[in-house]
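Trainee: Sharing a structure here in structure tokens format.
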Amino acid sequence: MMSDYDFIQLYKKLEVLDRELKELRREVGEMKWYQQHGTTGAVAYSAKVPIGITEEEWRESFK
389 MMSDYDFIQL
399 YKKLEVLDRE
409 LKELRREVGE
419 MKWYQQHGTT
429 GAVAYSAKVP
439 IGITEEEWRE
449 SFK
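Sequential numbering from 389 applies to the sequence shown in this note's numbering.
Rendered as structure tokens:
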């Protein structure tokens, strides 16, 4: 049986992994958006939000 301490440590690790997974999913979503819209390369990726649309519209396009 796990002690309370072990459970808490595992839970903390799970929270960290969950945050990392969310970040990776966001990054993959961004890359897919750029791929679908014909914008590739480090320059476009570093710009994050394409010119001509708001950040909200850009974020909505991943859903």
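Where a beta carbon is used, it is the ideal one built from N, C-alpha and C, also for glycine.
Could you tell me whether the Cβ atoms of Phe450 and Gly417 are closer together than 8 Å?
Mentor: On the sequence shown, residue 450 is found 62 positions in, with the first residue counted as 1. On the sequence shown, residue 417 is found 29 positions in, with the first residue counted as 1. Yes, these two residues count as a Cβ contact at 8 Å.
Trainee: State the DSSP-derived secondary structure class of Met390, mapped to helix, strand or coil.
Mentor: On the sequence shown, residue 390 is found 2 positions in, with the first residue counted as 1. Looking at Met390 - three-state DSSP - the assignment turns out to be coil, as it is neither helix nor strand.
Trainee: Look up Phe395 in the DSSP assignment and say whether it is helix, strand or coil.
Mentor: Numbered from its first residue, the sequence shown carries residue 395 at position 7. Helix at Phe395.
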